[in-house]
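Novice: Have a look at the structure that comes next, please.
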Amino acid sequence: TFCFLPFASAQNATLTPLKIATLSPLSGPLAQTGEQLKQGAQLALEAAKPEFARLGFALELNSQDDQASAEVGGAAARRLLSDSSVLAVVGAVNSSVVLVASSIFAEGKLSMLVPAATANSITERGLTNIFRIGARDSQQGAVAGKFILERLKSKKVYLINDKSAYGAGLTAEVLKVLEGKTSIVFNEGTEEKLEFASLIIKIKALEPDLIYFGGTYPPVGAFLKQLRSSGINTLVMGGHGLDSSGLALIAGNAARGAVFTTVAAPPSELPQAQRFFR
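In this note's numbering, the protein residues as written are 6 to 283.
In structure tokens:
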């Protein structure tokens, strides 16, 4: 074994570094989702390393924390663009971050693969460096609206969004389907993340049979917990921003019964994903 060590070290030294970067929130409320994106990229990278080594490249992962902030994500994008060894970027989680970062990457023709961000405008700007693998808001919103009308048969809907590119965009698409076909008792945006007392008072007075909240799991989890504590059992629905175990961690039992659409396929349709489920 010791005889082969010098040879192996010399062989590795001849490989040209090649980086795959990730851009996602690794700190803050959405860190769980951001870490999952990073780990998924790491798994794919590890599987591809031997083939790239045969081609003369040493694959490395460069993970950047965007803190779910367009400003922080933009700064991280600039750093990645300045590194000539970065081949491509996987991310980001938030549509607002993708919109800023992808424009920066376009300047240097750096490719960006978007697995989760769904804002329509991401792929409507004519950028040739961006690739999306999930359904966009117009698709998810259409399905959600149809589900509300045909399956839930909701008569009075209260629409809320978190004023983000994702939350506002998705809720607008849901509204397009519902408008004129059911009663929209209220439609508003809120940047509140922790305290929803005033919002809950309005909901209690209007008595909707469905609350649609376009946003991510941290504020929706807090909202659910406070809503149920106030004695309101109205069904709550959202988009894939709620597709996280973090929702239950925040809301506890109040998360029971919540409904959401998602851009991920069911595990039953992905044979290679079975080993990740128990």
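By construction, the Cβ of each residue, glycine as well, lies at the ideal position given by its N, Cα and C atoms.
Since we're looking at a predicted model, the values are computed, not measured.
#1: Thinking Ile135 and Val119 are a contact (beta carbons under 8 angstroms), I'd like their distance in whole angstroms, please.
#2: Would you check if there are 3 or more beta carbon pairs closer than 8 angstroms linking the segment 47-61 to the segment 77-87?
#3: At the level of alpha carbons, what is the spacing between Gln41 and Leu154?
#4: Leaving out the 5 sequence neighbours to the left and right, which residues in its chain are closer than 7 angstroms to Gln114 when beta-carbon positions are compared?
#5: Would a C-beta distance cut-off of 8 angstroms place Gln37 and Ser249 closer than the cut-off?
#6: In the structure shown, what three-state DSSP assignment does Glu274 receive?
#7: Rank Lys24, Leu64, Asp142 and Ala80 by C-alpha distance to the C-alpha of Ser100 and give the top, closest one.
#8: For Lys186, count neighbouring C-beta atoms within 10 Å of its own C-beta (all shown protein chains included) and say buried if the count is 16 or more, exposed if not.
#9: Taking only the alpha-carbon atoms, compute the straight-line gap between Ile25 and Glu112 and give it to the nearest angstrom.
#10: So, is Pro272 buried or exposed, given that buried needs 16 or more other C-beta atoms within 10 angstroms?
#11: Among Val91, Leu60, Gly33 and Leu66, which residue has its Cα nearest to the Cα of Ser74?
#12: Looking at the secondary structure, which residues open and close the alpha helix (DSSP H) in which Glu178 lies?
#13: Per DSSP, what kind of secondary structure is Pro11 in: helix, strand or coil?
#14: State yes or no: is the C-beta of Thr27 within less than 8 angstroms of the C-beta of Ser90?
#15: Flag this pair as yes or no: are the beta carbons of Ala106 and Gly139 separated by less than 8 angstroms?
#16: In terms of alpha-carbon separation, which member of Glu197, Ile206 and Leu92 lies closest to Gly219?
#17: Can you grab the Cα-Cα spacing for the pair Tyr217 / Phe152, in whole Å?
#18: Let me know the alpha helix (DSSP H) ranges lying completely inside the segment 12-53, each 4 residues or longer, listed in chain order.
#19: Classify Asn166 as buried or exposed, calling it buried when 16 or more other Cβ atoms lie within 10 Å of its own Cβ.
#20: From the DSSP output, in three-state form, read off Gln72 for me.
#21: Along the beta strand (DSSP E) that carries Arg137, what are the first and last residues, could you check?
#22: Which residues in the same chain as Ser126 place their Cβ atom closer than 7 angstroms to its Cβ, once the five residues preceding and following it in sequence are excluded?
#23: Determine the direct distance from the alpha carbon of Gly246 to that of Gln144, and round the result to whole angstroms.
#24: So, under 8 angstroms CB-CB, Val190 and Tyr163 are touching, yes? Tell me the CB distance rounded to an integer number of Å.
#25: Between which residues of its own chain and Ala63 is the CB-CB distance below 6 angstroms, once the five residues before and five after are set aside?
#26: How is Val102 classed by DSSP in three states: helix, strand or coil?
#27: From Gly61, Leu199, Lys161 and Tyr171, pick the residue whose C-alpha is nearest to that of Asn192; which is it?
Specialist: Quick answer:
#1: On the sequence shown, position 130 is the one that residue 135 refers to. On the sequence shown, position 114 is the one that residue 119 refers to. Contact holds; Cβ gap of about 6 angstroms.
#2: no
#3: The residue you call residue 41 lines up with position 36 of the sequence shown. The residue you call residue 154 lines up with position 149 of the sequence shown. Roughly 33 angstroms between the two C-alpha positions.
#4: Counting from 1 along the sequence shown, the entry for residue 114 is found at position 109. According to the sequence as given, residue 114 is Lys; it is not Gln. Asn134, listed in sequence order.
#5: Counting from one through the sequence shown, the residue named residue 37 turns up at place 32. Counting from one through the sequence shown, the residue named residue 249 turns up at place 244. It is a contact, given that the beta carbons lie within the stated cut-off.
#6: Indexing the sequence shown from 1 puts residue 274 at position 269. Correct three-state label for Glu274: helix.
#7: The residue labelled residue 100 in the question sits at position 95 within the sequence shown. Residue Asp142 is the option with its Cα nearest to Ser100.
#8: Taking the sequence shown and counting its residues from 1, one reaches residue 186 at position 181. Lys186 comes out exposed.
#9: Position 20 of the sequence shown, counted from the start, is the residue given in the question as residue 25. Position 107 of the sequence shown, counted from the start, is the residue given in the question as residue 112. Approximately 18 angstroms between the Cα atoms of the pair.
#10: What you label residue 272 is simply residue 267 of the sequence shown in a count that begins at 1. Pro272 should be labelled exposed.
#11: Start at 1 with the first residue of the sequence shown, and residue 74 comes out as number 69. For the residues Val91, Leu60, Gly33 and Leu66, the minimum Cα distance to Ser74 belongs to Gly33.
#12: Reading the sequence shown from its first residue, position 173 is the one you call residue 178. Looking at the DSSP string, the run of the alpha helix (DSSP H) that includes Glu178 is Ala170 to Leu183.
#13: The residue you call residue 11 lines up with position 6 of the sequence shown. Reliability fails at Pro11, whose pLDDT of 45 lies under 50, so the model's placement of it is uncertain and the value that follows must be treated cautiously. Helix.
#14: Walking along the sequence shown from the start, residue 27 turns up at place 22. Walking along the sequence shown from the start, residue 90 turns up at place 85. No; because the gap between Cβ atoms is not below 8 angstroms, this pair is not in contact.
#15: Taking the sequence shown and counting its residues from 1, the one referred to as residue 106 is at position 101. Taking the sequence shown and counting its residues from 1, the one referred to as residue 139 is at position 134. Taking 8 angstroms as the Cβ cut-off, Ala106 and Gly139 do not qualify as a contacting pair.
#16: Numbered from 1 along the sequence shown, position 214 holds the residue referred to as residue 219. The shortest C-alpha separation from Gly219 is found at Glu197.
#17: Sequence index remark: in the sequence shown, residue 217 carries index 212 (1-based). Sequence index remark: in the sequence shown, residue 152 carries index 147 (1-based). Going from the Cα of Tyr217 to the Cα of Phe152 covers about 12 angstroms.
#18: none
#19: Start at 1 with the first residue of the sequence shown, and residue 166 comes out as number 161. Buried, by the Cβ-count rule.
#20: Your numbering for residue 72 matches position 67 in the sequence shown. Coil at Gln72, not helix or strand.
#21: What you label residue 137 is simply residue 132 of the sequence shown in a count that begins at 1. It spans Ile135 to Arg137 - the beta strand (DSSP E) in which Arg137 sits, taken as one unbroken run.
#22: The count along the sequence shown starts at 1 and reaches residue 126 at position 121. For Ser126, where only same-chain residues beyond five positions count, the Cβ hits under 7 angstroms are Leu104.
#23: Taking the sequence shown and counting its residues from 1, one reaches residue 144 at position 139. Taking the sequence shown and counting its residues from 1, one reaches residue 246 at position 241. Their backbone Cα atoms lie some 15 angstroms apart in a straight line.
#24: Position 185 of the sequence shown, counted from the first residue, corresponds to residue 190. Position 158 of the sequence shown, counted from the first residue, corresponds to residue 163. Rounded, the Cβ-Cβ distance is 5 angstroms, consistent with contact.
#25: Indexing the sequence shown from 1 puts residue 63 at position 58. Closer than 6 angstroms at Cβ, skipping near neighbours: Leu20 and Pro22.
#26: Here residue 102 corresponds to residue number 97 of the sequence shown, with the count starting at 1. Here Val102 sits in helix by DSSP.
#27: Mapped onto the sequence shown, residue 192 falls at position 187. That would be Lys161, whose Cα lies nearest to the Cα of Asn192.
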